[in-house]
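Chains as they are written, first to last, in my numbering: chain A, 1 to 349; chain B, 1001 to 1275.
Glycine included, every Cβ here is placed at the ideal spot set by N, Cα and C.
Some notes on the structure that comes next.
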Amino acid sequence: MAVLDIKGVTKQFGVGVRAVDGFALTVGDGELVCLLGPSGSGKSTLLRMVGGFETPTTGSITIDGEEMINLPPERRPTGMVFQSHALWTHMNVFNNIAFGLKLRRLPREEIRQRVDAVMALVGLGGYGSRQTHQLSGGQQQRVALARSLVLEPKILLLDEPFASLDQHLRERLREEVRDIQQRLKITTLFVTHGQDEALSMADRIVVMRDGKVEQVAPPAALYREPETPFVAGFIGTMNLIEGQVVDGTFARGTFSVPLPVPDGPAVLAVRPEALEIVPTSGPAVAKVHRVTDYGTHAIVDLELPDGLRIKSMVADARAWMAEQAVSLKPRAFAAYRDNHVINRTSAAS
Amino acid sequence: MAEPVLIDRPRADWTGIGLAIVLTLVIIFPLVVVALWAFTNVWRYPSILPQEFGLRYWTQTLSRPDVWQSITTSVSLACSVTVISAIICLPAAFAFARLQFPFRSILFFSFIAGQAFPKFGLLVAIAGIFLGLNLIGNFWGVVLIQLVGTLLYMIWIPVAAFQGVDRRMEEAARDVGASPLRVFWSITLPQAGPTIGAAVLLTFVNTFYETEGAWLIGAPQVHTMPILMISFINNQPVIQYGAVLSVILWIPSFFALLFARRVISGGSFARGFGA
C-alpha cells in the first residue's frame, strides 16, 4: 500500500538541543516498525514529524515518493493514535469515528457502513451510541484506533498507544492491533519504550538514543546480536562487565576469559542464560548474593569482589545458596569497544 | 481467619451542623424577611408575623410605569453588555490562552487593576471624562462603564477554559482532516463551552445587579431596577415597594442558577477558575 521514507531528518529545539539528529529510515509496504528507546530519545518527536505536528529543521519525509514536509497534518495520508486516546468527549463513539468521514462530505449511508465495519473490526460493535466516558481504557483506545483506521490512512502512527493501560489489557490489545495491522497490511510506525511491546509486535525495531539510531534490526537479531552496549543493555537483561584485554585475555579482578582482540579496554556482554556458574572451593571469582526462584528457572544474583552485581540464570534454585563461592563460565558473549562490537562468540547457548 | 469488622457509626458532625445554622441565619433569614414583606398588606409592631397577607403592593408596584421602564432598561443593559463583552473578550481570551506576544502576562494581569482599586474613585474619574464626551445620562455611557467591570470574568475564565482543552484532541482532529478553523468550531469551542457559558452567566448577573456605575454615569435619565429599588427603600415610607422590587430582582439570578445547574456539568465552573 505505502512506503514511508525518512531521510536525514533533524529536529532542533532552541539552541543546541537536537531531539532528532540525522535520522534515516525506510518503512516498507505493510511493515510494522517500532521506534524503541528511553524517554527523551526523540522517538515521539520523530513520529510527530511524520504526522505533521512538528516541522523538521532539515531533512525529507516522503510517502510513496511524495514529499510531506510542507503539508499540514490534515492533508497528510497518515493516521495517528495518541497515548492519551484524545477522544472528543463531547461526541459519542459513532461521531468520534465518523468525524473524519463527515469532513470528507461522504454520503450518510456510506459513513454509517464504514463506521459500522471498522467498529466491528476493532471489537466495538454496538457501542456507537455510547459516550466516551462510559468506556473503559481499552475500549477508548479501540475507538482511537477505529477513528484512524476508518479513513484508511496510508501510514498508521501509534504513539505509545497502550501506555495508559494495565499489563493484562496491554498484552491483549497489542496482539489485536498486530492482527488488524497484518490483515489490513497497513504500513505502521509504532513508538514505545517497552521492549516487550516492540519485540512482540514489530517486523523491525529501531533502537533510538539521544535522537540517533543505535541499531535497526528484526526482534530476534536485536536480542541475539546487539551492535552496541546500549542496545545490549536495553533489550532484555544483560550483564555488562567492563575490563581490560591483555594478551588475548579479558580480565576484571579475578574473572578472566579468552578474548582474541587487540589489547585495550573492553565491555563484555553476557546474557544471564548464557552465564554458567560452577561451585568452587578455590579462590572465588564471585559469590552468590541472592537466589530468586521463578519455578521454571531461578535467577542467581552474584557479586564480584569489587562490588559489581551480575545475574545468572540457573535451572534449579535449590542448588545455590547465599555467600556460596562460584566461578563464572560464560558460554556465549559479545565484546564491545568504543561503542562497537569487536568480538562475538557464535557458540550455541 | 477473618478479622471482626468494626463499623464506625457516623457521629453527629457538630461543626457542620453549627456552620449550617449560622449560614441559615445569615443568608436565608434576611431573604425570608424580605419575601414576607413583599406579600404583606398589613404588618404592625409588635406582631411577629404580618397581620394580613396579600398582593396589594404587587398590583401597586407593577402598575407604576417607572418600574416597567426600569425592567426594560435593566434587561437591555445586561444583554448589551454581555454580548459586547463576549465579542471583545472571547477572541482576546483565545489569544491570551494560545498565542505568544510581547507583554502578554503584564496585559493579562492588568485586567485585575479595574477591581484592585476603590471602584468609586475610578468611576468618578471616568465620569469626568464622560461628561466631556456627552456620555453622562446616556444608555451607551452606562454600557461602556459596565463593560469595564466585566473584563476580568470574561477574559480570565475563558482563558482558563481554552487552556484546559486537551491539545491532543485538537491534533487528533487535524489528523483526521479538519482545518484549524474547523478544529476551533468542532472541538475547541464545544470543549470550552460550559466554562465559557459560566463566564457569560456571571457577566450577565453581575451587570444586572451593578449599581455604582449605572447610578454615577446613568443618572438622571437611566434608571435600572437596582437603582429604583434603592430609591424606593430610601425615599418611600412604604417598605413593601422595595420588598416587591427585591423579589422581582431575584428572578434573573434564580433562572441563572437553574441554567447553571443544567448547563454547567461536573465542575467546569470550578475548572474555569483553575481548580
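Residues bridged to residue i (per DSSP)
i, result
"P279 of chain A", "A:V326"
"Q131 of chain A", "A:N92"
"H340 of chain A", "A:R337"
"L240 of chain A", "A:A269"
"C34 of chain A", "A:F190 and A:I205"
"R309 of chain A", "A:E303"
"L4 of chain A", "A:V27 and A:I63"
"A1125 of chain B", "Its beta-bridge partners do not exist; DSSP assigns none."
"M80 of chain A", "A:L157"
"T1150 of chain B", "The partner list for T1150 of chain B (beta bridge, DSSP) is empty, contrary to what the question assumes."
"V288 of chain A", "A:L302"
"S256 of chain A", "A:A251"
"Q12 of chain A", "A:R18"
"A120 of chain A", "According to DSSP, A120 of chain A bridges with nothing at all."
"G264 of chain A", "A:V245"
"A217 of chain A", "A:I205"
8 Å Cβ cutoff, residue i in contact with chain A
i, result
"I1196 of chain B", "no"
"A1178 of chain B", "yes"
"R1098 of chain B", "no"
"Q1191 of chain B", "yes"
"M1001 of chain B", "In this prediction, M1001 of chain B has a pLDDT of 45, which is less than 50 and means its spatial position is unreliable; what the coordinates show is noted afterwards. Closer than 8 Å: no."
"D1066 of chain B", "no"
"L1258 of chain B", "no"
Proximity test, Cβ basis, 8 Å: residue i and chain B
i, result
"M80 of chain A", "yes"
"E74 of chain A", "yes"
"F53 of chain A", "yes"
"R290 of chain A", "no"
"H90 of chain A", "yes"
"S84 of chain A", "yes"
"A347 of chain A", "At A347 of chain A, the pLDDT of 49 sits below 50, so the modelled position is not reliable; the number obtained from the coordinates is stated separately. No, A347 of chain A lies away from the interface with chain B (no Cβ there is under 8 Å from its Cβ)."
For residue j and residue i, believed in contact at Cβ under 8 Å, the rounded distance
i, j, result
"S1186 of chain B", "A1172 of chain B", "At roughly 11 Å, the Cβ-Cβ gap does not stay under 8 Å, so S1186 of chain B and A1172 of chain B are not in contact."
"D1175 of chain B", "G243 of chain A", "Contact flag wrong, Cβ pair sits at about 50 Å."
"A269 of chain A", "L240 of chain A", "6 Å"
"V326 of chain A", "T254 of chain A", "Actually they are not in contact, since the Cβ atoms of V326 of chain A and T254 of chain A sit about 12 Å apart, beyond 8 Å."
"G59 of chain A", "V3 of chain A", "No, G59 of chain A and V3 of chain A are not in contact; Cβ-Cβ is about 17 Å, not under 8 Å."
"V1205 of chain B", "F1139 of chain B", "Incorrect: roughly 20 Å between the Cβ atoms, too far for contact."
"I155 of chain A", "P260 of chain A", "Contact flag wrong, Cβ pair sits at about 46 Å."
"M208 of chain A", "K43 of chain A", "5 Å"
"I1157 of chain B", "T1195 of chain B", "6 Å"
"E31 of chain A", "D203 of chain A", "5 Å"
"A1260 of chain B", "A1192 of chain B", "Wrong, their Cβ atoms sit about 16 Å apart, outside the cutoff."
"R130 of chain A", "I97 of chain A", "Going by Cβ atoms, the distance from R130 of chain A to I97 of chain A rounds to 12 Å, so no, they are not a contact pair."
"L189 of chain A", "L47 of chain A", "6 Å"
"V150 of chain A", "V115 of chain A", "6 Å"
"I61 of chain A", "I69 of chain A", "6 Å"
"A19 of chain A", "T45 of chain A", "4 Å"
Neighbouring residues, chain E, relative to residue i (Cβ below 8 Å)
i, result
"F99 of chain A", "Absent from the structure is chain E; the protein chains it does hold are A and B."
Closer than 7 Å: residue i CB and nearest the ligand FAD heavy atom
i, result
"D1166 of chain B", "Only the bare structure without any ligand can be found here, which leaves the ligand FAD out of the picture."
- Query: Any chance the segment 158-165 of chain A sits against the segment 134-142 of chain A, with 3 or more Cβ pairs inside 8 Å?
  - Reply: yes
- Query: Does the segment 97-113 of chain A touch the segment 174-182 of chain A, meaning 3 or more C-beta pairs lie closer than 8 Å?
  - Reply: no
- Assess, as a yes-or-no matter, whether the segment 1126-1137 of chain B is touched by the segment 1050-1067 of chain B under the definition of 3 or more beta carbon pairs within less than 8 Å. no
- Query: Is the segment 1176-1185 of chain B touching the segment 1112-1119 of chain B in the sense that three or more CB pairs, one from each, lie closer than 8 Å?
  - Reply: no
- Query: Quick one, which residues of the segment 1147-1168 of chain B are near chain A if we go by CB-CB under 7 Å, in chain order?
  - Reply: D1166 and R1168
- the segment 183-201 of chain A in contact with the segment 12-24 of chain A per 3-pair CB rule at 8 Å: no
- Query: Do the segment 1208-1226 of chain B and the segment 1235-1249 of chain B make contact, defined as three or more Cβ pairs closer than 8 Å?
  - Reply: yes
- Task: Would you list, in chain order, the members of the segment 101-131 of chain A that have their beta-carbon closer than 7 Å to a beta-carbon of chain B?
- Result: L103 and R104
- Task: Would you list, in chain order, the members of the segment 147-169 of chain A that have their beta-carbon closer than 8 Å to a beta-carbon of chain B?
- Result: R147, S148 and L151
- Query: Between the segment 1019-1033 of chain B and the segment 286-301 of chain A, do at least 3 Cβ pairs fall closer than 8 Å?
  - Reply: no
- How do the segment 318-336 of chain A and the segment 207-218 of chain A stand: do at least 3 beta-carbon pairs fall below 8 Å, yes or no? no
- Query: Is there contact between the segment 228-236 of chain A and the segment 328-345 of chain A, where contact requires at least three CB pairs shorter than 8 Å?
  - Reply: yes
- Item | Cβ contact check for the segment 1076-1091 of chain B and the segment 1233-1244 of chain B: 3 or more pairs under 8 Å | no
- Query: At a cut of 8 Å, does the segment 109-125 of chain A reach the segment 1149-1159 of chain B through at least three beta carbon pairs?
  - Reply: no
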